[in-house]
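Here is the structure we will look at, set down as structure tokens.
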């Protein structure tokens, strides 16, 4: 029988670390266990903490023995883990805003609760953002059930940065917006295989936005407004990550990083009330 799991406190967690991983979750104990296992397998980035914020309908996901075990593994490795509940639900933007407020780290990784990171992914992302000096870098998630569904028409949207990413004002209806077509299914995996990069190398490429696994320079994210726009959008929304990234891109630039070590678990979404795109609301208000 497992012993009770300590949740930790916000005061103890907030520290001058290099990186914190911010994980919002709801009704996904199996997926969350897999996500945390990916974090526990990372090497080369010793100074990172993890915040898990739960909005499950019943018991929090971290009450499940598999999740609790991975929390204990991370703590055993020296990574602080803060477990919180954020209820009542006020939408994903508010949830992400609360997670961001829990951290004072140099960088923050917004990681969805249905993404497994291959070993080496975190080190590559941290290396990339430090070298590029932009507002964010990210790994688009692969859906491996689409492994043999090759869509060459999407590959034309891949364009590498020649030097540090520049700020960009990206809006729907522009060629830059179409870059997002590179990320569904396993398109980016197919582009990666075509490039045949030397082992250990990586490339920065131009994006409109990235879902699931995005590493921000925390100060630059806050400078662009973070997720504080949650008060300006309806509670039943999606696209809050797009809204934040468009703002960061415009002020500080951003990039995708290839190869991606992020793999989507392809579970059904738990954000079922998503009639409104947050980024559309904010662009209309601008």
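In the UniProt record's numbering, the protein residues as written are 1 to 286.
Note that CB positions come from ideal geometry on N, CA and C, so glycine has one too.
- Residue 136 sits in a strand when the DSSP states are folded into three classes.
- For the pair residue 171 and residue 177, the Cα-to-Cα distance works out to about 6 Å.
- In the DSSP annotation of this structure, residue 283 is not part of any beta strand (DSSP E); the continuous alpha helix (DSSP H) holding it starts and ends at 278-285.
- Residue 77 counts as exposed, since fewer than 16 other C-beta atoms from the protein chains shown sit within 10 angstroms of its C-beta.
- It is roughly 19 Å from the alpha-carbon of residue 220 to the alpha-carbon of residue 95.
- From the listed residues 252, 53, 65 and 162, the smallest Cα separation to residue 4 is found for 65.
- For residue 207, the secondary structure class from DSSP, reduced to helix, strand or coil, is coil.
- Contact between the stretch 136-145 and the stretch 255-269 is present: three or more C-beta pairs spanning the two stretches fall below 8 Å.
- Separation of residue 236 and residue 198 (C-alpha to C-alpha, rounded to the nearest whole angstrom) is 44 Å.
- Between residue 14 and residue 108, the gap from beta carbon to beta carbon reaches 8 Å or more.
- The Cβ atoms of residue 35 and residue 113 lie closer than 8 Å to each other.
- DSSP places residue 100 in the helix class (H, G or I) of the three-state scheme.
- Runs of the alpha helix (DSSP H) lying entirely within the UniProt domain "Glycosyltransferase 2-like" (21-152), each at least 4 residues long, are 29-40, 65-76, 92-101 and 121-132 in chain order.
- The C-alpha of residue 26 lies about 9 Å from the C-alpha of residue 58.
- Residue burial annotation: residue 97 is buried, with at least 16 other C-beta atoms found within 10 angstroms of its C-beta.
- With contacts defined as CB atoms closer than 8 Å, residue 134 and residue 22 fail to qualify as a contacting pair.
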